[in-house]
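Asker: Sending over a structure as C-alpha cells; questions will come in a sec.
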Amino acid sequence: MVWWQWIVLGVVLLGAEMMVDAEFYLVFLGVSALTVGLLDLSWADSP
C-alpha cells in the first residue's frame, strides 16, 4: 500500500472507534496504521 492509504486507513479506524463501541480495539489498529504510514512516508526516498 502507498503511505497515504495507511494514513487514511488509520484515520478511518480512529473515527470508527469514536462511533462504534469496539472496546478500544480499533484505537490500536488505527495508531498502528498511522505509524506505518508515517514510517513509509519518511523512508519513501530511501533506496
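At position 42 of the sequence shown (counting the first as 1) the number is 49 in our numbering, and the numbers step up by one without a gap. Where a beta carbon is used, it is the ideal one built from N, C-alpha and C, also for glycine. Keep in mind that this is a model prediction, so the values were computed, not measured.
1) Would you mind giving the Cβ-Cβ distance between residue 13 and residue 44, rounded to the nearest angstrom? I have them listed as a contact below 8 Å.
2) At the level of alpha carbons, what is the spacing between residue 39 and residue 49?
3) Which of the three DSSP states is assigned to residue 29 in this structure?
4) Just how far apart, CA to CA, sit residue 20 and residue 29?
5) Would you say residue 24 and residue 9 are within 8 Å of each other, going by their C-beta atoms?
Answerer: By the coordinates alone:
1) 3 Å
2) 15 Å
3) coil
4) 11 Å
5) no
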